[in-house]
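Structure, as structure tokens:
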Amino acid sequence: MGTMPTLWIVHRDASVRGALARLSAAGSDALLGEPSDRAFETSDPPRIVLLGVERDLEAELEFAHRHAARTADAHWILLPRPGDQHEVARLFDTLAAEILVFPPAPERLRQRIRIALAARPAEALSARRVRDALSARFSRFFADLELPELLRAMDPRLAAAPLLVRGEPGTGRSLLTHYVHIFGGGSRGGFVRVPCECVGTAKSVREMIR
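Here you go:
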């Protein structure tokens, strides 16, 4: 394994990638490439992803789709063209990203990068206690059961996919879902419990997993 790159700079245009490297004061460990560049697939995950978003969005959406799960600890900065901010926020909806209009002011961009680098991804003590308690409870509850579908749900490549767990009350649905949420390699967002009465129809379920 090589040294973790501090920064990925992603844009379709090589000249724009160079400009973003200068604007961000990128170091020698930065990795520059277009969205389809295979170098990102073999690189270690970065601390920061700087993604320039062009108007048709398709290449950038596909890039985020491919790399979001394994860069869950990275800070994403999206750089849309003026006027495209709301559409970018809508389409990159599951990505916890910061949006700066392109071209960003150098001072502003460097400040956001400094703040992101200063933030430590380490897990707090309280979160570690929750994780350990959940793991122990899960082991006790499902000790004698084989759960082949759980292995599939834990695949980090499926971290962004919706998950629906069905079962009778008392069968461990909430415990199983919470376990996948904590250990499945997805987002760092909170775990929200919704009363079953709120999801009484197939349409309600579809709306929730959008």
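Numbering (my numbering), first residue to last: 2 to 211.
The beta-carbon is built from N, C-alpha and C at its ideal position, and this holds for glycine as well.
All values derive from a computational prediction rather than experimental measurement.
request  = Would you please verify whether the beta carbon of Ala60 is less than 7 Å from any beta carbon of chain C?
outcome  = Among the chains in the structure shown there is no chain C, since it carries only a single protein chain.
ask   = Which residue comes first and which comes last in the beta strand (DSSP E) that contains Leu51?
value = 49–54
request  = Specify the secondary structure class of Glu99 as computed by DSSP and reduced to three states.
outcome  = strand
ask   = Under a Cβ-count criterion, where at least 16 other Cβ atoms within 10 Å of its own Cβ denotes burial, should His76 be classed as buried or exposed?
value = buried
task = Output the boundary residues of the beta strand (DSSP E) element that contains Val11.
result = 8–11
query = Anyone know if the C-beta pair for Tyr180 and Phe139 falls short of 7 Å?
reply = yes
message = Below 8 Å on the Cβ atoms is my contact criterion, and I expect Arg18 with Leu33 to pass it. Report the Cβ-Cβ distance as a whole number of Å.
response = 5 Å
Residue interval of the alpha helix (DSSP H) (run including Leu118) = 107–119
ask   = At what residues does the alpha helix (DSSP H) containing Leu79 begin and finish?
value = Here Leu79 belongs to no alpha helix (DSSP H); instead the beta strand (DSSP E) covers 76–81.
ask   = Between the Cα of Glu35 and the Cα atoms of Ser29, Leu21, Arg48, which residue gives the shortest distance?
value = Leu21
ask   = How about Leu110 and Leu24: do their beta carbons lie closer than 7 Å?
value = yes
Straight-line gap, His182 to Leu135 (C-alpha atoms, nearest Å) = 11 Å
request  = Report the partner residues of Gly34 according to the DSSP bridge assignment.
outcome  = Val11
ask   = CA-CA distance, Pro6 and Ile116?
value = 17 Å
task = Assuming Leu92 contacts Leu62 (C-beta within less than 8 Å), just tell me the rounded distance between them.
result = 6 Å
ask   = Can the beta-carbon of Leu96 be found closer than 7 Å to that of Leu52?
value = no
query = From what residue to what residue does the alpha helix (DSSP H) around Asp57 run?
reply = Per DSSP, Asp57 belongs to no alpha helix (DSSP H) and is neither H nor E.
inquiry  = Could you give the first and the last residue of the continuous alpha helix (DSSP H) run that contains Ser25?
reply    = Careful: Ser25 lies outside any alpha helix (DSSP H) and carries neither H nor E.
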